[in-house]
Every structure is written in structure tokens, then in C-alpha cells.
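>
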Amino acid sequence: MNKYKIDYQSPIGIIEITGTEKVITSVLFADREKVEYGFYEDFPEFMKMCYQQFEAYFAGNLQSFRFPYEVKGTAFQKDVWTALTTIPFAQTASYLDIAKAIDNHKAIRAVGSANSKNQISIAVPCHRIIGSNGKLTGYAGGLWRKKWLLEHEARIAAANK
111 MNKYKIDYQS
121 PIGIIEITGT
131 EKVITSVLFA
141 DREKVEYGFY
151 EDFPEFMKMC
161 YQQFEAYFAG
171 NLQSFRFPYE
181 VKGTAFQKDV
191 WTALTTIPFA
201 QTASYLDIAK
211 AIDNHKAIRA
221 VGSANSKNQI
231 SIAVPCHRII
241 GSNGKLTGYA
251 GGLWRKKWLL
261 EHEARIAAAN
271 K
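Numbers given in the working numbering equal positions in the sequence shown, counted from 1, plus 110.
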């Protein structure tokens with residue numbers, strides 16, 4: 111099965127988008143300065159769609175992603191990741207909120223662990239998870255990126271009121 115990669119140069123660093131013939135398999139921040147994987151016209155349409163949706167998101171013109179993706183993980187992790195997609199744009203939730211959403215109130219730490227293993231950054235919005243005390247908590251892309259994403263969404267939401 112072919113594997114495709116595109117680098118998207120976002121305002122907060124390079125995002126590497128990986129996919130197969132049929133779906134996106136990861137959207138992760140790359141720890142490098144230069145774009146290595148260019149955009150090619152012969153890529154599958156869903157790869158182009160994903161790239162274009164990230165362009166629209168960072169331009170402030172998209173609030174929810176609709177590209178096809180597939181994640182690998184346990185049933186519990188998939189439940190957590192699905193619950194993350196229900197957090198509205200420019201809003202936040204806590205690990206406890208997600209534990210309650212998946213009907214597993216005592217799984218707060220496990221929710222945090224699953225959150226940290228999310229492979230579809232931003233589109234599966236793990237950046238919208240904050241501590242119960244309202245403070246920013248860990249983010250695989252770095253807390254500075256999490257802060258930027260939350261502020262970006264807040265600006266867009268305020269401009270659209």
C-alpha cells in the first residue's frame with residue numbers, strides 16, 4: 111500500500127500529513143525547519159482535501175475538519191478520540207469531562223494518556239483539553255502551540271459573533 115506525505119507550513123511549524131491510498135493516518139508536528147514533502151497534483155483527493163482544510167483553518171475560514179482518517183489504537187483510545195471531536199470550536203473541556211462523555215468517570219488518567227497518543231492533531235482537537243483548574247496541561251506539540259491554537263480559535267469565534 112502506498113504511503114503519501116505532505117508537509118503543511120503552518121504559522122506554528124511544519125505539520126506532516128501522512129496517508130494511505132484511502133485515508134489520512136497521521137497529522138503531526140514535525141521537528142524540523144524545512145518542508146521536505148511537497149504537494150503533488152497526483153496525490154489522492156483526500157490528501158489534497160486535508161491540506162486545503164488546514165490552510166482554511168489557519169486562515170480562520172474553517173472550524174471543523176471533514177477529511178477521512180483512520181486511527182490505530184485500543185477501543186478505549188478510539189472512544190476518547192471520538193469524544194474529543196465533540197468539543198466545539200473555541201471551547202475547552204477537561205480530562206474529567208471526556209471521561210464522563212465516554213461513561214468512564216474514573217478513567218481521568220487513562221483519558222490523559224489516550225489524549226497524548228492522538229495521531230490526528232488539531233482535527234481531533236486534543237489541544238482543547240485543559241486542566242480542571244482551567245490551566246493549560248500537556249500537549250505533544252508543546253504548550254506554546256496549544257496556547258496559540260486556543261487563542262487562534264478564540265479570535266475566530268469572536269470575529270464571527
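Cβ coordinates follow ideal geometry from the N, Cα and C atoms, glycine included.
This one's a predicted model, so the numbers in the text were calculated from it and none came from an experiment.
Exposed or buried, which one is D141 when buried takes at least 16 other CB atoms within 10 Å?
exposed
> Apply the 10 Å Cβ neighbour rule to G222 and answer buried if 16 or more other Cβ atoms are within range, or exposed otherwise.
buried
> Based on the DSSP secondary-structure assignment, which residues constitute the bridge partners of Q119?
I124
> Just the C-alpha distance for I134 and K257, rounded to the nearest angstrom, thanks.
25 Å
> With distance defined between alpha-carbon atoms, name the residue in Y167, D117, T130 nearest to G272.
The structure shown does not extend to residue 272, since the chain spans only 111 to 271, so no value can be given for it.
> Whose CA, out of Q229, I197, S242, lies closest to the CA of S204?
S242
> Are the beta-carbon atoms belonging to A217 and A209 less than 7 Å from one another?
yes
> According to DSSP, is G241 part of a helix, a strand, or is it coil?
coil
> What number of angstroms, rounded off, separates the C-alpha of K188 from the C-alpha of Y150?
31 Å
> For A264, tell me which candidate among K182, R176, P198 has the shortest Cα-Cα distance.
P198
> If you draw a straight line from the alpha carbon of A185 to that of V234, how long is it in whole angstroms?
16 Å
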